[in-house]
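According to the numbering used here, the residues represented by the sequence shown are 275 to 998, in order. See below for the structure under consideration.
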Amino acid sequence: MFGLQWIDIAVILVYFGVVIAIGVWASRRIKNQEDYFLAGRRFGKFIQTFAAFGQGTSADSAVGVTTTTFSNGIAGVWSSLLYLFATPLYWMVMPWMRRLRLITLGDFFEERYGSKMMAGLYAVIGSIGMMTIISVGFAAMAKTVVALTPKSVEQYTVREQAEYAQAITLDKLEARNYDTLTAQETQQLERLRLQKPRKMFFHLNPELLVWIVCIIVLVYAMVGGLEAAFLTDTLQGIFIIILSIVLFPFAFGKINAVFGGSGLMDAMRTMHAQLPQSYMEIFGSPVTQDFTWYYIGALTIMVTINVVIQPNSLIATASAKGEYECRFGFVVGSYMKRFCTVLWGFFALLAVVLYHNKIQNPDLVWGYATLDLLGPLNMGLVGLMIACLMAALMSTADCLMITGSSLITHNIYRPLFPGRPEKHYVFVGRITGAGVVIGGALIATQFDTILQLLKLWWELNVMVAAAFWLGMKWRRATRPAAWCSMLLTMVLFFLLPIFVPMVMPSLRTSDSMLKTTQPREIVRQYVAGQMEVSQRKQEIEQWQIDAVAPEKPEPLTVGQTYAKTFHLPSKPIFWTMGIKADANGEKCGSGTLSLELVLLDKLGVDLQKNSYALNETIRILIRTFTPFIILIVISFLTRRDDKTMLDRFYVKMKTQVHVDPDQDARQMELSYADPSRFDHRKLLPKSDWEFDRWTKTDAIGFGISTAVAVLVVFFLIGLISIGE
275 MFGLQWIDIA
285 VILVYFGVVI
295 AIGVWASRRI
305 KNQEDYFLAG
315 RRFGKFIQTF
325 AAFGQGTSAD
335 SAVGVTTTTF
345 SNGIAGVWSS
355 LLYLFATPLY
365 WMVMPWMRRL
375 RLITLGDFFE
385 ERYGSKMMAG
395 LYAVIGSIGM
405 MTIISVGFAA
415 MAKTVVALTP
425 KSVEQYTVRE
435 QAEYAQAITL
445 DKLEARNYDT
455 LTAQETQQLE
465 RLRLQKPRKM
475 FFHLNPELLV
485 WIVCIIVLVY
495 AMVGGLEAAF
505 LTDTLQGIFI
515 IILSIVLFPF
525 AFGKINAVFG
535 GSGLMDAMRT
545 MHAQLPQSYM
555 EIFGSPVTQD
565 FTWYYIGALT
575 IMVTINVVIQ
585 PNSLIATASA
595 KGEYECRFGF
605 VVGSYMKRFC
615 TVLWGFFALL
625 AVVLYHNKIQ
635 NPDLVWGYAT
645 LDLLGPLNMG
655 LVGLMIACLM
665 AALMSTADCL
675 MITGSSLITH
685 NIYRPLFPGR
695 PEKHYVFVGR
705 ITGAGVVIGG
715 ALIATQFDTI
725 LQLLKLWWEL
735 NVMVAAAFWL
745 GMKWRRATRP
755 AAWCSMLLTM
765 VLFFLLPIFV
775 PMVMPSLRTS
785 DSMLKTTQPR
795 EIVRQYVAGQ
805 MEVSQRKQEI
815 EQWQIDAVAP
825 EKPEPLTVGQ
835 TYAKTFHLPS
845 KPIFWTMGIK
855 ADANGEKCGS
865 GTLSLELVLL
875 DKLGVDLQKN
885 SYALNETIRI
895 LIRTFTPFII
905 LIVISFLTRR
915 DDKTMLDRFY
925 VKMKTQVHVD
935 PDQDARQMEL
945 SYADPSRFDH
955 RKLLPKSDWE
965 FDRWTKTDAI
975 GFGISTAVAV
985 LVVFFLIGLI
995 SIGE
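Structural data, given as structure tokens:
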């Protein structure tokens, strides 16, 4: 059925049956909001570890890394390793979440700034963020699963065959050296890049698949709450790791069967002989020049600041028994994903060797390789892989659903309708959670690419990050300043970019708003591998057929040094979803308008001379630091917040969490009675900054975490060096 064996379908059904059973079992343990939203705060290190791994590993994880690496070489792993150097910070910051002793991060804004309205605003922003990241998983899962149900070319409709022919033409033009293209071919290349024709079509409808999985998530997450979510996180996490490793021996065996040889080392030597040298560049691959070190650096700064303020950060940590379980589970689980990311990228290199001349769409690599390597065994492993990928999405979606529903219920609904029974609020949480997942499914069907969704998610939390960080560690941060920072950032960076083009639609077709970066050419020297030799032969054959290229390409031999010209096309400056062709074939800006770049352009800054990466870096840094500047300036211009409120908040943040709830409550009574009991720990006494001296656990844990981050990089280098 749809290209799958019956045993695969049976495995999928059994897997989902187990998942739903977990939800029903967990539902019997729910007595109040804390049970539903935080699983009664009863999880230890093991569950917390896989909960962190499961939250960070959705359907887009393995698929996305494989896709970018298949297209761009090993440098593609940075699409997922972006958070690597932010991970050691988790060791220091995640205990803050547990010490808050709150149900949602919205409660933080009420406690620190004394404003229920601010907590409600955060709940709205956080819920939209949860919907966005759910939509990323839905989009990636749909692409992967439908990849296992492709139509044959003979089954294409007339319209699909025409689009397929255009896609093949685009692939041929992209594969050739840019210097060998004629003027007509160059124009054709630019036109096809704008149209982006598809080259594969499927039996399954990806949008229908999104809604099916959406319903399954709703059934068990609405019933079982966070405990069901975390237990399924653990289950799918174990299977994802096992199946990711299982693929390797079959890939090695297939390489040896196709190219000759035996054992691991022969397969690795074949990989190095077959792949272009550019595929082994960890940094600065020409194909990914738009993702330069400074662009990655700016993104790292942004996500490091924003990741902690994600609503699910508190849900993932506040459910732990104590502080150590919280920080240990989150850091170890996050690093498990980092190491898996390296393995997924490495597997993609093996897939390039096997399938570079078979797969045109890199989004299909993971599904195609799974079917090709595990399908012949007829053991249900393909079905298990599909189930795990869908469960990876579901485990992430259910946790984000619980997070979003807790925000809406606790910070919006409860203040409006206080004094209701706990069961009433749990019921409302289930209903609002359904709305969060449905919203994520709707968003998934509205965006063109996963990268567009990720950019929205990365940037959304800049509205609240400054109020969180400065509120957590700076007594001088005031309520009016926090409001100004949040509202001005929302208006300048999110509302105006949406509504200005709606009010003035002519902006989308204005020449001044359709400016692009200048196309660039990069020449690199490489040592030819077998793949480059084959590609050059195809270029020569094409030249002999057309006989219109400027000059005949020179033949290559394995081991020969040669120069390759990479053509980086122009990219739009102001529109987040690029420039497309409208119904009349005219160019039209798509997405929201980057007003900060428009302002720089009007001030005389020539953004067209910049690379796309530099313009994006400027935009990211402006969005990251502007809220902090606003909050600091306004804080100095306004009165301090109530001292008693601040004393209670900061002494609570200095009181370590005890695993025994009764003992923890007694410690909090002592702290509230004497708010200065921990002042001797302050790094800067008699100042407004609330930084404490590190403990031995802090220092050792942070040092080990930093060392592991470096180890991940060396692990990556070591893997791709085997057999070189």
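A virtual CB, placed ideally from N, CA and C, is assigned to each residue, including glycine.
Check: Assigned exposure category for V532 - 16 Cβ within 10 Å defines buried; Outcome: exposed
Check: Neighbourhood of S536 by C-beta distance below 6 Å, restricted to the same chain and skipping five residues each side; Outcome: N530
Check: Whether H841 touches E795 by CB criterion (9 Å); Outcome: yes
Check: Sub-9 Å separation of M664 and M405 beta-carbons; Outcome: no
Check: Own chain partners of M539 with C-beta closer than 8 Å, once the 5 adjacent residues on each side are dropped; Outcome: I996, G997
Check: Backbone secondary structure at L1001 - three-state DSSP; Outcome: It is not possible to answer for residue 1001, since the shown part of the chain is limited to 275 through 998.
Check: Segment contact flag, the segment 928-942 with the segment 781-798, C-beta cutoff 8 Å, min 3 pairs; Outcome: no
Check: Validate contact between the segment 681-689 and the segment 371-389 using beta carbons, cut 8 Å, 3 pairs; Outcome: yes
Check: Bridge partner(s) assigned by DSSP for L877; Outcome: DSSP output for L877 lists no bridge partner at all.
Check: Residue ranges of each alpha helix (DSSP H) within the segment 351-382, 4 or longer; Outcome: 361-374
Check: Presumed contact (8 Å Cβ cut-off) between T752 and S608, rounded CB distance; Outcome: Actually they do not touch by this definition, with Cβ atoms about 34 Å apart.
Check: Run of the alpha helix (DSSP H) containing A718, from where it starts to where it stops; Outcome: 696-718
Check: Option in L867, S552, G291, C758 with minimal Cα separation from L911; Outcome: C758
Check: CB contact flag (T866, P771, <9 Å); Outcome: yes
Check: Cβ-based burial, F848 [other Cβ within 10 Å; buried from 16]; Outcome: buried
Check: Coil, strand or helix - G863 by DSSP; Outcome: strand
Check: Straight-line gap, K425 to V288 (C-alpha atoms, nearest Å); Outcome: 27 Å
Check: Beta-carbon separation (whole angstroms), I514 vs K473, contact threshold 8 Å; Outcome: Actually they are not in contact, since the Cβ atoms of I514 and K473 sit about 29 Å apart, beyond 8 Å.
Check: Unbroken alpha helix (DSSP H) run spanning R897, endpoints; Outcome: 886-911
Check: Close beta carbons around S345, own chain, < 6 Å, minus the five adjacent residues each side; Outcome: P636
Check: Burial state of W963, where buried means 16 or more other Cβ atoms lie within 10 Å; Outcome: exposed
Check: Y687 versus S961: straight-line alpha-carbon distance, rounded; Outcome: 38 Å
Check: For P843 and W467, the rounded distance between their alpha carbons; Outcome: Reading off the sequence shown, one finds Arg at residue 467, where the question assumed Trp. Using only the alpha carbons, I get a separation of about 9 Å.
Check: Buried versus exposed call for N580 [16 or more other C-beta atoms within 10 Å across all chains shown]; Outcome: buried
Check: Y836 - partner residues in DSSP beta bridges; Outcome: Y800
Check: Alpha-carbon spacing of I853 relative to K845, whole angstroms; Outcome: 8 Å
Check: Beta-carbon contacts of V367 that lie in its chain and below 6 Å, excluding the five residues immediately before and after; Outcome: V582
Check: Between the CA atoms of G388 and N479 - distance to the nearest angstrom; Outcome: 49 Å
Check: Per-residue burial, M668 [other beta carbons within 10 Å of its own, 16 or more giving buried]; Outcome: buried
Check: Proximity of V410 and V986 at Cβ, strictly below 9 Å; Outcome: no
Check: Beta-bridge pairing of T790 - partner residues as DSSP gives them; Outcome: P846
Check: Cutoff 8 Å; reference N586; Cβ partners in own chain excluding five residues on either side; Outcome: Q329, M404, C673, L674, T677
Check: Status (buried if at least 16 other CB within 10 Å, exposed otherwise) for I286; Outcome: buried
Check: Among S868, Y568, E437, T918, nearest to L769 - alpha-carbon criterion; Outcome: S868
Check: For L956, three-class secondary structure by DSSP; Outcome: The sequence shown places Lys at residue 956, not Leu. Three-state DSSP puts K956 in a strand.
Check: Whether A741 touches F976 by CB criterion (9 Å); Outcome: no
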